Amino acid sequence: MTRYNKSRIFKAAWSIKRRNASVSFSECLSIAWQRAKCDVLEARREANRKPVDTSIYSFNASNNVGIESYYANRAYSGD
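Sequential numbering of the sequence shown, starting at 10, is according to this note's numbering.
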């Protein structure tokens, strides 16, 4: 079971309440709890995400021959 920082949740609810006085505090608390739960889910997804191995992909500009090199110096460079 995930433990939530209730102090942070209440501070977030009060900041929501200060920004929008027409919203009741219970709605602000509900929004703050939803955000806290989403933050936990996002952290779990980030932890489970596999790191991308960048060493697999390499780009060598000399291997990429453009169309202009096929006709340079009136010589065909082959396929």
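Even for Gly, the Cβ is constructed at its ideal location relative to N, Cα and C. Here the structure is a predicted model, which is why all the values come from computation and not from measurement.
Beta-carbon proximity of residue i to residue j, cut-off 7 angstroms
{"i": "residue 45", "j": "residue 13", "result": "yes"}
{"i": "residue 18", "j": "residue 37", "result": "no"}
Same chain, Cβ closer than 7 angstroms to residue i, five either side skipped, listed in chain order
{"i": "residue 11", "result": "49"}
{"i": "residue 53", "result": "none"}
Where residue i falls, given that 16 or more other Cβ within 10 Å makes a residue buried
{"i": "residue 22", "result": "buried"}
Proximal residues to residue i (C-beta, below 6 angstroms), its chain only, five neighbours per side dropped
{"i": "residue 34", "result": "26"}
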